[in-house]
Each structure stands twice: as structure tokens, then as C-alpha cells.
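Peer 1: Residues 413 to 972 in this note's numbering are what the sequence shown lists, from first letter to last. Backbone N, C-alpha and C fix where the C-beta goes; we use that ideal spot for every residue, glycine too.
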Amino acid sequence: MARLVAGRALASGWRLAASPVRALKGWRQRPPERLLIAPQDIRTSDPTLAADIYAGYFAFAGKIVNAHGRSPFELEPQSDAWARALSSFSWLRHLRAADTAISKANARALVEDFLTVYGRPGQNPAWEPRVVARRLIAFLSQSPIILHGTDRAFYKRFMKGIGRAQQFLERAVAEGLSGDDRLLAAIALTELGLCAEGTGKLPQRAGRLLNEELQRQILPDGGHVSRNPRILIDLLLDLLPLRQAYAARGAQAPPQLLNAIDRMMPMLRLFRHGDGALALFNGMGVTPPEELATVLAYDDSRARALLNAPHSGYQRLEAKDGAAALVADAGRPPPPEFSGEAHAGCGSFEFSVGTQRLVINCGAPDPNRAAAAEAARMSAAHSTLVIDDTSSCRFAFHLGARKWLGDAIVSGPREALAERREDAGSATLAIQHDGYAPRFGLLHQRRLTLQDDGKRLDGVDRLRAAVPGDAIEARPFALRFHIHPNVRLKRVRDGHAVLLAPPDGTRWLFETPWIADVEESIFFAAPDGPRACAQIVIEGETRDGLEVSWSFKLAQKRGE
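(1) Mapping DSSP to helix, strand and coil, what is S751?
(2) Check each candidate in A600, V872, E625 and name the one with the smallest Cα separation from T615.
(3) Can the beta-carbon of P880 be found closer than 7 Å to that of D846?
(4) Which same chain residues end up closer than 7 Å to L589 when comparing Cβ atoms and leaving out the 5 residues on each side of it in sequence?
(5) What's the call for K516, buried or exposed, on a 16-neighbour Cβ count within 10 Å?
(6) With contact counted as at least three CB pairs below 8 Å, one residue from each stretch, are the region 867-878 and the region 939-958 in contact?
(7) From the DSSP output, which residues share a beta bridge with Y888?
(8) Give me the Cβ distance between F604 and L651, rounded to the nearest whole Å; I'm assuming they're in contact under 8 Å.
(9) Per the contact definition of three or more C-beta pairs closer than 8 Å, is the region 828-836 in contact with the region 721-729?
(10) On the three-pair Cβ rule with 8 Å, is the region 890-905 touching the region 753-771?
(11) Can you name, in chain order, every residue of its own chain whose Cβ lies under 6 Å from the Cβ of P666, other than the five neighbours on each side?
(12) Please list, in chain order, all residues of the same chain as F472 whose beta carbon is under 7 Å from its beta carbon, the five residues on each side excluded.
(13) Are the CB atoms of F693 and D741 nearer to each other than 7 Å?
(14) Looking at C-beta atoms only, is the number of pairs between the region 506-525 and the region 455-467 that lie closer than 8 Å three or more?
(15) When burial is assigned at 16 or more other CB atoms within 10 Å of the CB, is R564 buried or exposed?
(16) Round the Cβ separation of G619 and P444 to the nearest angstrom and send it over; I've been treating them as touching at under 8 Å.
(17) Is DSSP giving S373 helix, strand or coil here?
(18) Residues bridged to Y710 by DSSP?
(19) Do the region 674-694 and the region 638-654 make contact, defined as three or more Cβ pairs closer than 8 Å?
(20) Does the Cβ of L448 have 16 or more other Cβ atoms within 10 Å, making it buried, or fewer, making it exposed?
(21) On the three-state DSSP scale, how would you describe Q968?
(22) Exposed or buried, P641, counting other C-beta atoms within 10 Å across all chains shown (16 or more means buried)?
(23) Could you tell me which of L644, P746, V904, A967 sits nearest to A691, measuring between CA atoms?
(24) Are the CB atoms of L631 and Q668 nearer to each other than 7 Å?
(25) When you compare only the Cα positions, how much space is there between L654 and S803?
(26) Identify the residues that DSSP records as bridge partners of Y726: which are they?
(27) Measure the C-alpha to C-alpha separation of R546 and V904 and round it to an integer number of angstroms.
(28) Less than 7 Å between the C-beta atoms of I895 and A946, yes or no?
(29) Enumerate in chain order the residues of its own chain whose CB-to-CB distance from I476 is below 7 Å, with the five nearest sequence positions on each side excluded.
(30) I need the straight-line Cα distance from T528 to A538, nearest angstrom please.
(31) Are there 16 or more other CB atoms within 10 angstroms of the CB of D453, so buried, or fewer, so exposed?
(32) Pick from W962, V739, I884: whose alpha carbon is nearest that of G907?
(33) Please specify which runs of the beta strand (DSSP E), each continuous and at least 3 residues long, are wholly inside the region 528-576, giving them in chain order.
(34) Given this structure, state the Cα-to-Cα distance separating Q656 from P451, to the nearest angstrom.
(35) Residue ranges of each alpha helix (DSSP H) run of no fewer than 4 residues wholly in the region 827-864, ordered along the chain?
(36) Quick test of your reading: L817 and A808, contact by CB under 8 Å. State the CB separation rounded to the nearest angstrom.
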């Protein structure tokens, strides 16, 4: 914590000392002269939403606002998330999809309103670095409708707005912008350098920044350093058009860009369940099916899912026919600057068969549910073992350090190990982490074995003294298996088994020598908002050498 606080204080001092130089440089910098190309926006668009926007309805981040004939930029924002979505202008693609004279005029009018109200940098969500980068990308990709039939005065004003966004992002990068926001800023500036004329040496500066951040943030196995599966979708939706922009200008795309895209595709498939949703780890919430399908359509190799991602800390077990899949978190927390959405889920797993998810994690809620987001990050919201209702990671907000460190993880497992073994008829994954060693002196070990036919999953959870021979104080533990809300549960065999009834007509049996209870849980990653679900819970007291065995097996096939 001391290093993190000191680093932020040093960055703040640097910004203050360098501000006069930056102000002089910004005053001398001219905006780009004109746009040469418009990069493609490959995000799914809906022309019917253009009618809602024209009628004054702006639905973002779970909030619907009726402007009643006023500019939406003059209204009091319903939430910061709503204001960010509005000011990002990502919704312009819906107006472009409508392709009518009214939608083009509406797009231009709304951009003009923004330039009037929020055209200059200020202390509001519209001028957060991430929002500015998103807006710059949207202005470039949707420039054909924004500038359709416009006059020279508006064109100059629009280019001046783009110039201010460029200056703001370059200044933010120079002041130490960190996390995935830095990579997004690099993408936006690189795209501007390709699309505009009169940007000076911006293409070279932005290209170097992009290469540096891709090398730093995209790990060798294709995962993102934040360990959030959702970021892979967002990055690919930005990097794929950037690759096309290089081709449109007749320029050679950097090898770092091409290699990053090639590595990210198999990694994205690692997280994918049979129903198309991504596994719920480290900030992943609702899977946008249309965006995921768009990204995977650009995967020329159609490669199989990656199974072993040691750099990202994820593992996947599959049945031979691919019908059953298990995805497990076997990694340490990400670096603090990338951990604002990371979860304390080391050792947790998700299990699906066909299009039915059985064992899940609770997932991340939408941005408007701050309290729920904190709860979703705890170890108890994951299918893993929890000691004394304590998470395997510590968060800044639990230590009263949110003011200085935001939502970062300040401590967690220092060592997370994973070993795979292929045997005749099965595949086994062994995971160990020391997240509970500092407070309870215990290591959590988990062994998962999936049969090749996908009809049985066996598991063993063990607790071992971190220092052999040390006395271990007895503390309560809970071994949790969160179950998808579509699956009904019933305790059988005097509490030593639980019958799972998915809607596909199959029946699965959870068995353990211990007593298994069924308790309430919550599923945050449903498209229509949080849903009630259930969890299987095994409880007891910790000790050195504790071992809990369990299994999921197919008890009844579909149609039997």
C-alpha cells in the first residue's frame, strides 16, 4: 500500500510541475487539417434505436432519460455511468445504421450540442480519459454521417474538437495514465494518426505507445493483464478495425498488433461455455452475444480453445467431444493498476455441459450497483473454498484506502500453482494458492478430474499448513458451488447428495461424504438483471490435513 500511495503522489507532483510546459505546448499545437478515411465500427448496430434517439429517449447503463425536446447534454445526468455512455458517442453507430436524412441531421445536431456544452476539458465524466478515447474513436468511425452535408464552419469546429481530444489524451498519457485506459488511449491516438492529415509526428508517437502497451498488457498466452475476459472482447472490437485502417492507408500494420490479435482469439475461446457465454471471472458480467459473435467471425484460423494459459492464470478441461467444459481460475491477482475490477476467485471454477451451465460464479453486476459489485468480488461469490467468511484477497475499500487506491486489490495470493495431467479416460487439474496463508497459515489445494466422456467431474479440496508443523487454529470454512439459476436443486440421500435438474431434461447428482446444504445465492450476470439462484454448501472447521471429496455425475440422460 505504501508503494502504491507513494507512486500516485509522485505522479501527482510530476503533473503539477510539468503543467506550464504542457499548457504552452497545447497552445502551439494545431488541430488536424482534415479526415482522409473513416475506420469501420464493427460493433452491432440497431437502426430502430435511431428512432428512440430522435424522439429524445437516451437509454444507457440501465437508465432511460426522456429529454423532452432539450439537448441531453443540458440535463442532470441520471448517473455517472449514464453520463459516460452519453458522452462516449458510441451510440452514433445506431444513427448511421438507420441511414436516413433525419438520422444524419440528428447525429450532427447532437455532436454540435456536445461541442457547445462540453467542448472544453472540465471536471466531469465527459472528460475522463476513457470517455475521451471512446469519443474520439466514435467521431472518427462515424464521421461520414456527422459531416454529411455540413458547412465549412462546422467542419472546422468538429476538427478543433478532435484536436482537443488528441491534446487531452496525449497529456493524460504523459502524466502517467495507467491501466487498460492507457492502451485504449493508444488505440484512439493511433487511429487518429492514420485517419487524419496534418497531425505531425502523431502516427510515430502513437504507434510506439501502442506497441509498448500491447507488449505490456497482452500476455504471451493472449490474456489481458487485468485477467478480465470482457476486456478481450472490447479490445478486439477496437484492434480489428485498427488493423483494417492500416490496410486502407496502404501501411504495414505493426507485428505487435497482428500478433496480439492472433493470441487473443484462442484465449477468448478458453472462457467460452457451450451456450456462448464467457466464464465469470475477474469482472466479467453479461456476455454480449452479438459482440462476441462479431469478434469470433474475424478469427480466420477457427482454432480450438486454448486449454492451458499459465501467464493469464486460467485452465480449461474439456471432454473429448467438447460437450463438457470446465474453466478454472489458477492465477494470482493482477497488478494493482489493473485490479480495479478483479475478484478474489483463485481456485474457483465453472462447469458446463452442452448449452447448460451447471456450476458458476456469481459474476459482475452492472455499473449502477456499486454495493453489489463489492460483494461480487468476494471469494464467497465464487465456487471455491472460503475460510472464516474471508476473501483470499484484500481490497482497498475494505482498508479505508479507496480515496488513494480506488478499488484496487492490495494483497492476495503470492503463489498460485497449476498442474495438468492427461490419463487414460480422464484429465486432471491440480491447483494450489496461498491466499489464506498470511491470516490462517493454510494453503488451499484443489484437484479436479473430468472424465473424457464428460459425464463425471470429481473433486478434492484440501487444506495444508503453509509451514509444516505449525499449529492451526480451528476456523469455520465453507465449500461453495454456485448453481446456474435455470437449474433446480433437491437434497437427497440424507443430505449427502443433491439432485440437479437442468431444463434440458438431464439429471445430475452431486455427491459427498460430508453433509451438503442448499442455500440461496444470486446470479449477477443475467441480461435482465440479478436473478436468484442456489448454491451447494459444505461447512466444517479447518485443520491441517483437512480433505473434502465431492463429485458431479450424470444420473439421467435426456429423454430417459
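Peer 2: Looking at the coordinates:
(1) Correct three-state label for S751: coil.
(2) The sequence shown places Pro at residue 615, not Thr. Check the Cα spacing between P615 and each of A600, V872, E625: the tightest is with A600.
(3) No. Outside cutoff.
(4) Listed in chain order, the non-local C-beta contacts of L589 below 7 Å within the same chain comprise P541, A597, local neighbours out to five positions each way being set aside.
(5) Counting Cβ neighbours within 10 Å, K516 comes out buried, since at least 16 surround it.
(6) The region 867-878 and the region 939-958 touch, with no fewer than 3 CB-CB distances between them shorter than 8 Å.
(7) It is worth fixing the name first, because residue 888 is Pro in this sequence and not Tyr. Its beta-bridge partners are E953.
(8) At residue 604 the sequence reads Leu, which differs from the Phe that was named. That belief does not hold up - the Cβ atoms of L604 and L651 are roughly 15 Å apart, past 8 Å.
(9) Output reads yes: the region 828-836 touches the region 721-729.
(10) Touching, yes.
(11) So the qualifying residues of the chain are N623.
(12) Only W494, A497, L498 meet the Cβ criterion.
(13) Against a cut-off of 7 Å, the Cβ pair of D741 and F693 comes out as a contact.
(14) Counting Cβ pairs under 8 Å, three or more are found: they touch.
(15) Classification for R564: exposed.
(16) Taking a contact as a CB-CB distance under 8 Å, the pair G619 and P444 does not count as one, their CB atoms being some 16 Å apart.
(17) Residue 373 is absent from the structure shown; the chain starts at 413 and stops at 972.
(18) The partner list for Y710 (beta bridge, DSSP) is empty, contrary to what the question assumes.
(19) Contact holds: three or more Cβ-Cβ distances are below 8 Å.
(20) Here L448 is exposed: its Cβ has fewer than 16 other Cβ atoms, across all protein chains shown, within 10 Å.
(21) Judged by DSSP in its simplified three-state form, Q968 adopts strand.
(22) For P641, the number of other beta carbons within 10 angstroms of its own is at least 16, and it is reported as buried.
(23) Nearest C-alpha to A691: L644.
(24) No, Cβ-Cβ distance for L631 and Q668 is not below 7 Å.
(25) When the Cα atoms are used, L654 and S803 turn out to be separated by approximately 40 Å.
(26) According to DSSP, Y726 bridges with A721, D741.
(27) About 53 Å.
(28) Going by beta carbons, I895 and A946 fall inside the 7 Å limit.
(29) Correct list, in chain order: Y469.
(30) In this structure, the alpha-carbon of T528 lies about 13 Å from that of A538.
(31) Around the beta carbon of D453, 16 or more other beta carbons sit within 10 angstroms, so the residue counts as buried.
(32) Ranked by Cα distance from G907, the first of W962, V739, I884 is W962.
(33) Runs found: none.
(34) So the two alpha carbons sit approximately 7 Å from each other.
(35) Listed in chain order, the alpha helix (DSSP H) runs fully inside the region 827-864 are 849-852, counting runs of at least 4 residues.
(36) That belief holds up - the Cβ atoms of L817 and A808 are roughly 4 Å apart, short of 8 Å.
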